[in-house]
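The structure under discussion appears below in the form of structure tokens.
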Amino acid sequence: MSSFSLSPLFRRSIGFDRFNDLFDYAMQSDTPNYPHYNIEKTGDNNYRIVVATAGFNQDQLEINLENQLLTITGKAVDESSDSTVEFLHKGISSRSFKLSLRLDEHIEVQQADYENGLLKIDLQRSVPEEAMPRQIPIGSKTTQQLASPQQENGETSPQETGQ
Numbered sequence: 020m021s022s023f024s025l026s027p028l029f030r031r032s033i034g035f036d037r038f039n040d041l042f043d044y045a046m047q048s049d050t051p052n053y054p055h056y057n058i059e060k061t062g063d064n065n066y067r068i069v070v071a072t073a074g075f076n077q078d079q080l081e082i083n084l085e086n087q088l089l090t091i092t093g094k095a096v097d098e099s100s101d102s103t104v105e106f107l108h109k110g111i112s113s114r115s116f117k118l119s120l121r122l123d124e125h126i127e128v129q130q131a132d133y134e135n136g137l138l139k140i141d142l143q144r145s146v147p148e149e150a151m152p153r154q155i156p157i158g159s160k161t162t163q164q165l166a167s168p169q170q171e172n173g174e175t176s177p178q179e180t181g182q
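All residue numbers for the sequence shown refer to the working numbering, where the first residue is 20 and numbers rise by one.
So, in structure tokens, the structure goes:
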């Protein structure tokens, strides 16, 4: 199945409020599908990323933020070294992963929690006052008399001298 993107310039991002971007990204064939994650909007300026990390403990997970790129890394433990276990069926995936998400410049990471195999990262949009939209009042010019070119040179007009 091929997909046609209506927004080829959009990237996977959080805080830009582009629903179309999320759908386009989900339809791409090179979309990583491990680990599974949700991006939730929990308020007007609040977001949460929930990553399914069953089988990992906190020591195996790392969260980094550099140049507005949030990277979540999981380092799996090699289970093949345990020779006492023979898997008859192995359906629980426990491989290493690296998940990167681009954040808008005004999105800040507030906190991260790990509970019941879910890594939750809370984000908040905090736009500075100078970047907030504002309404510009429309003024009107008052009619002003234009100075004649002679007046700009310091010469007086005949009307000013009484002639």
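From the three backbone atoms N, C-alpha and C, an ideal C-beta is built for every residue, glycine too.
With a cut-off of 8 Å on the beta carbons, I'd call residue 59 and residue 70 a contact; round off their distance for me.
Counting from one through the sequence shown, the residue named residue 59 turns up at place 40. Counting from one through the sequence shown, the residue named residue 70 turns up at place 51. Not a contact, Cβ separation roughly 12 Å.
Give the range of the beta strand (DSSP E) segment to which residue 130 is assigned.
Here residue 130 corresponds to residue number 111 of the sequence shown, with the count starting at 1. Taken as a continuous stretch (DSSP letters only), the beta strand (DSSP E) holding residue 130 covers 126-134.
Taking the DSSP output, what are the residues bridged to residue 160?
Here the question's residue 160 lines up with position 141 in the sequence shown. DSSP, once it has assigned bridges, lists no residue as partnering residue 160.
What is the C-beta distance between residue 84 and residue 128, in whole angstroms, given that I count them as a contact (C-beta under 8 Å)?
Along the sequence shown, read from residue 1 onward, the residue named residue 84 stands at position 65. Along the sequence shown, read from residue 1 onward, the residue named residue 128 stands at position 109. Contact flag correct, Cβ pair sits at about 6 Å.
If we call anything under 9 Å between Cβ atoms a contact, is residue 65 one with residue 143?
As a working note, residue 65 is residue 46 in the sequence shown. As a working note, residue 143 is residue 124 in the sequence shown. Closer than 9 Å, so yes.
Three-way DSSP call (helix, strand, coil) for residue 148 in this model:
Numbered from 1 along the sequence shown, position 129 holds the residue referred to as residue 148. Note: residue 148 maps to helix in three-state DSSP.
Below 9 Å between beta carbons: does that hold for residue 112 and residue 96?
Position 93 of the sequence shown, counted from the first residue, corresponds to residue 112. Position 77 of the sequence shown, counted from the first residue, corresponds to residue 96. For residue 112 and residue 96, no; Cβs fall outside 9 Å.
In terms of residue numbering, what span does the beta strand (DSSP E) encompassing residue 69 cover?
Within the sequence shown, residue 69 is the residue found at index 50, counting from 1. That run of the beta strand (DSSP E) goes 65-71.
Applying the 10 Å Cβ sphere with the 16-neighbour rule, what's the burial state of residue 106?
Counted from its first residue, the sequence shown places residue 106 at position 87. Under this definition residue 106 is an exposed residue.
Considering only residues of the stretch 87-120, which uninterrupted beta strand (DSSP E) runs meet the minimum length of 3 residues and lie entirely inside it, listed in chain order?
The qualifying runs are 88-93.
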